[in-house]
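Trainee: The structure under discussion is supplied below as structure tokens; questions concerning it will follow.
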Amino acid sequence: MEEKIDEEFVQSIDLTKNDDSLLMVSAIVTVLIAILLLSVSLIYLWPGIGNISASGPSAALVTWENEYREITGLNEIQNLDGKGVILCIVDSGIDIDHPGFEGVEIAGWNDFVNQNSEPYDDEGHGTAMAGIIISNNGLMGNARGVSLLVAKAISKDGTGTDQMIAESVDWCVDNGADIISLSLGGAQGFGSGIFTTDALEQSVEQALDQGVYIVAAAGNDGENDDGDVESPGSVEDVICVGGITRNGQIWKGSSAGDNNGRFWPNPILPRSNPDMKPEVVGPGQEVPILMAGGVSNENWWGWSSGTSAATAWVSGSLALLLENNPELQRENSQDRDSIIEVKELIMDNSNMKDGQSEHDDHYGYGIFRVDMLIEAKNI
Numbered sequence: 019m020e021e022k023i024d025e026e027f028v029q030s031i032d033l034t035k036n037d038d039s040l041l042m043v044s045a046i047v048t049v050l051i052a053i054l055l056l057s058v059s060l061i062y063l064w065p066g067i068g069n070i071s072a073s074g075p076s077a078a079l080v081t082w083e084n085e086y087r088e089i090t091g092l093n094e095i096q097n098l099d100g101k102g103v104i105l106c107i108v109d110s111g112i113d114i115d116h117p118g119f120e121g122v123e124i125a126g127w128n129d130f131v132n133q134n135s136e137p138y139d140d141e142g143h144g145t146a147m148a149g150i151i152i153s154n155n156g157l158m159g160n161a162r163g164v165s166l167l168v169a170k171a172i173s174k175d176g177t178g179t180d181q182m183i184a185e186s187v188d189w190c191v192d193n194g195a196d197i198i199s200l201s202l203g204g205a206q207g208f209g210s211g212i213f214t215t216d217a218l219e220q221s222v223e224q225a226l227d228q229g230v231y232i233v234a235a236a237g238n239d240g241e242n243d244d245g246d247v248e249s250p251g252s253v254e255d256v257i258c259v260g261g262i263t264r265n266g267q268i269w270k271g272s273s274a275g276d277n278n279g280r281f282w283p284n285p286i287l288p289r290s291n292p293d294m295k296p297e298v299v300g301p302g303q304e305v306p307i308l309m310a311g312g313v314s315n316e317n318w319w320g321w322s323s324g325t326s327a328a329t330a331w332v333s334g335s336l337a338l339l340l341e342n343n344p345e346l347q348r349e350n351s352q353d354r355d356s357i358i359e360v361k362e363l364i365m366d367n368s369n370m371k372d373g374q375s376e377h378d379d380h381y382g383y384g385i386f387r388v389d390m391l392i393e394a395k396n397i
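Using this note's numbering, read the sequence shown as starting at 19 and increasing by one per residue.
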């Protein structure tokens, strides 16, 4: 199946919808297997044209970045940069020659679209996500010391296939990834766990079984919410990320979770702690980013809104926890036990909004605060 991102970069991406809600009940299983294969789209908004810069990030972008570092606890972290942690992003590639990546070397590259041996990004989204994690010039990535693997699974025109993204996840696992960051999503496959019909969800389940942390976007349905977070963020042990604004409020485009369960159009079992969706929220509005190839008139820095950016932010922050506590890394776990432990830490040690005392279908367990997780883990 070929999928396409929204080329007009509108407020929220209209992921695949199905018109089969009136099918006979007797045909449910057969039809759902056919029509609910995951449709994958990148989840983001392109930077506003009035907020880009050629010579370096604007003062506003630097201020916004610092505000997000403050609200997510990164300014409380000393002497951690993700060193020793392998983080893999599956996206549209990376413009490694971007001035924001000065001196950066990635640990691995695989182009599942065009089979090019050298890193590149002809779409732009991957560079933006990678910059949130490893930028070291102008903007400061939140895990600049990680070993970054990049799998290109999205083409120049924003299209990809479920199978290609699944193969990219497999490649990340085969190359030792501790964390896989998926700033993408789409319709859920039929079934759940080992019974899922979807190739990407199957690859994600296999990665989780090997102790690999999967961080995925909740989606940008927002006011047009379709009833649940996108897949693979919907998978039980995946860390699903919603978006917030710089003042800590839920970003209006962030998708809500359906944690009560449903039968139609795609059966979902009721969820329980610590796996209610989304699990956490992170920076999702006007997040400072790098722009691949200058994008337009040699402008290299800008901002993006969406749960895509929030996912990359949480992925990099998670790497700091794994650096500080190497017993949680894949090589020392090799199964889901550490993932479950971290998800319980997230449930008990995220920063809830005022008046919140339990999971919220939009706000999750709260803002992902790596400083609070590290403190709780080491009590």
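Glycine is no exception: its CB is placed at the ideal position from the N, C-alpha and C atoms.
Using only CA atoms, which one of D246, V131, G149 lies nearest to D175?
Mentor: Of the candidates D246, V131, G149, the one whose C-alpha sits nearest the C-alpha of D175 is V131.
Trainee: What would DSSP say about W189, mapped onto helix, strand or coil?
Mentor: Helix.
Trainee: Across which residues does DSSP place D129 in a beta bridge pair?
Mentor: Paired residue(s): K170.
Trainee: Give the straight-line distance between the Cα atoms of R280 and I257, rounded to the nearest whole angstrom.
Mentor: C-alpha separation (whole angstroms): 21 Å.
Trainee: Using only alpha-carbon positions, find the residue among M158, I104, Q347, V168 that is nearest to I112.
Mentor: Closest by alpha carbon: V168.
Trainee: Under 8 Å by Cβ, that's how I've got G373 and G260 pegged, so tell me the actual separation to the nearest angstrom.
Mentor: That pair is no contact at about 18 Å.
Trainee: Decide if the stretch 232-245 is in contact with the stretch 133-141; the criterion is three or more beta carbon pairs, one per stretch, under 8 Å apart.
Mentor: Segments in contact, no.
Trainee: Following the continuous alpha helix (DSSP H) through D389, name the residue where it begins and the one where it ends.
Mentor: Counting along the chain, the alpha helix (DSSP H) containing D389 begins and ends at 388-395.
Trainee: Between which two residues does the alpha helix (DSSP H) carrying Y86 extend?
Mentor: First-last of the alpha helix (DSSP H) with Y86: 77-89.
Trainee: Going by Cα to Cα distance, which pick from V332, E254, S73, W319 is closest to L308?
Mentor: Nearest of V332, E254, S73, W319 to L308, Cα basis: W319.
Trainee: Going by the DSSP bridge assignment, what does L60 pair with across the sheet?
Mentor: Per DSSP, L202.
Trainee: Per the contact definition of three or more C-beta pairs closer than 8 Å, is the stretch 92-105 in contact with the stretch 336-344?
Mentor: Because the criterion of three Cβ pairs below 8 Å is met, the stretch 336-344 and the stretch 92-105 touch.
Trainee: What's the C-alpha gap between I16 and N134?
Mentor: Outside the shown range of the chain, which is 19 to 397, sits residue 16, and nothing can be said about it.
Trainee: Cα separation between V108 and A171?
Mentor: So the alpha carbons of these two residues sit roughly 6 Å apart.
Trainee: Out of curiosity, what's the CA-to-CA distance linking S333 and I197?
Mentor: Whole-angstrom Cα-Cα distance: 7 Å.
Trainee: How far does the alpha helix (DSSP H) with W269 in it extend, from its first residue to its last?
Mentor: Premise fails: W269 is in no alpha helix (DSSP H) and is neither H nor E.
Trainee: Determine whether the beta carbon atoms of S249 and T325 lie at a separation below 8 Å.
Mentor: Contact: no.
Trainee: So, using beta-carbon positions, are L202 and S59 closer together than 8 Å?
Mentor: Closer than 8 Å, so yes.
Trainee: Kindly list the residues whose CB is nearer than 7 Å to the CB of V47, restricted to its own chain and excluding five residues on each side of it in sequence; keep chain order.
Mentor: Confidence in V47 is poor, its pLDDT being 33 and thus under 50, which makes the residue's placement unreliable; the coordinate value appears in the next sentence. So no residue of the chain qualifies.
Trainee: Could you compute how far the alpha carbon of L55 sits from the alpha carbon of Q181?
Mentor: Here L55 scores only 41 on pLDDT, less than 50, and its place in the model should not be relied on; the value that follows carries that caveat. C-alpha separation (whole angstroms): 10 Å.
Trainee: Nearest-angstrom Cα distance between D276 and E120?
Mentor: Answer to the nearest angstrom: the Cα atoms are 43 Å apart.
Trainee: Taking C-beta to C-beta, are I151 and A330 nearer than 8 Å?
Mentor: Yes, these two residues count as a Cβ contact at 8 Å.
Trainee: In angstroms with no decimal places, state the Cα-to-Cα distance between A77 and G126.
Mentor: Straight-line Cα distance between these residues: approximately 33 Å.
Trainee: What three-state label does DSSP hand M365 in the structure shown?
Mentor: Residue state, collapsed to three classes: helix.
Trainee: Which whole-angstrom value is the C-beta distance of I262 and I385, which I expect to be below 8 Å?
Mentor: Correct: roughly 6 Å between the Cβ atoms.
Trainee: Hey, would you say L157 sits closer than 8 Å to E83, going by beta carbons?
Mentor: Yes.
Trainee: In chain order, what residues of the same chain have a beta carbon less than 6 Å from the beta carbon of L287, not counting five sequence neighbours either side?
Mentor: Correct list, in chain order: G279.
Trainee: According to DSSP, is I124 part of a helix, a strand, or is it coil?
Mentor: In this structure, I124 counts as coil in the three-state DSSP scheme.
Trainee: For the putative contact between G149 and G159, defined by C-beta atoms under 8 Å, what is the C-beta separation to the nearest angstrom?
Mentor: 6 Å between Cβ atoms; contact.
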